[in-house]
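Per our numbering, residue 12 is the first one in the sequence shown, and the count goes up by one each step. Notes follow the structure.
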Amino acid sequence: MTNDLAEVSGPAVLRDARSGEFFDAAAADQLAIRRCTHCHHAFSPEARTCTACGSSDLSWDTATGAATLVSWAVVHHPPHPAFAEQVPFPIGLVELKEGPWINARIVGYNLGELRAGLPLHVAFVHPEVGDSYPVFRVEALADE
């Protein structure tokens, strides 16, 4: 499996009114998460309210990018023609060091070697068209 992010492609990812700050952060190679301003609990980017205290007063925060693979699924049938040359590829459920779980593509690792608990680190794809977005690679490959 390659470690080249240039081989990761797909249809243009476009922001909406709620996701602008997330994609601005991704363009700057930062992983944005939500954090409750009352109890400081961390959430995935799409959160609207705090599940710990019920507050809807959430702010954006920057995650370290460190994560652990919780589970994954392998995409065998391309959901869009732009993925046709890339299947099969894994989509992982990753737990960020800060606590939130997010879904993201796993890159640079052989499918047969994926395992729960695998240390991951965020990387960013910067396509020519559309917004930048995060993917995760195995921690050992993150410095390459």
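For each residue, glycine too, the CB sits at the ideal point set by N, CA and C. This structure is a prediction, so every number in the text was calculated from the model and none was measured.
Check whether residue i and residue j have beta carbons under 8 Å apart
i, j, result
"TYR120", "VAL149", "yes"
"PRO101", "ILE117", "yes"
"ILE113", "SER55", "yes"
"LEU42", "PRO145", "yes"
"ASP142", "ALA38", "yes"
"VAL105", "ALA78", "yes"
"LEU80", "LEU125", "yes"
Those residues which DSSP pairs with residue i across a bridge
i, result
"THR79", "GLU106 and PRO130"
"TYR144", "VAL136"
"PRO92", "The partner list for PRO92 (beta bridge, DSSP) is empty, contrary to what the question assumes."
Residue i versus residue j - alpha carbon distance
i, j, result
"GLU96", "ASP68", "43 Å"
"PRO138", "SER20", "7 Å"
"HIS49", "TRP71", "13 Å"
"ARG46", "PRO22", "29 Å"
"THR62", "ILE44", "15 Å"
Environment of residue i [buried if 16+ CB atoms lie within 10 Å]
i, result
"ARG59", "exposed"
"ARG29", "exposed"
"GLY110", "exposed"
"CYS64", "exposed"
"THR13", "Because THR13 carries a pLDDT of 44, less than 50, the predicted location of this residue cannot be relied on, and the following value inherits that uncertainty. Burial call: exposed."
"GLY103", "buried"
"GLY76", "buried"
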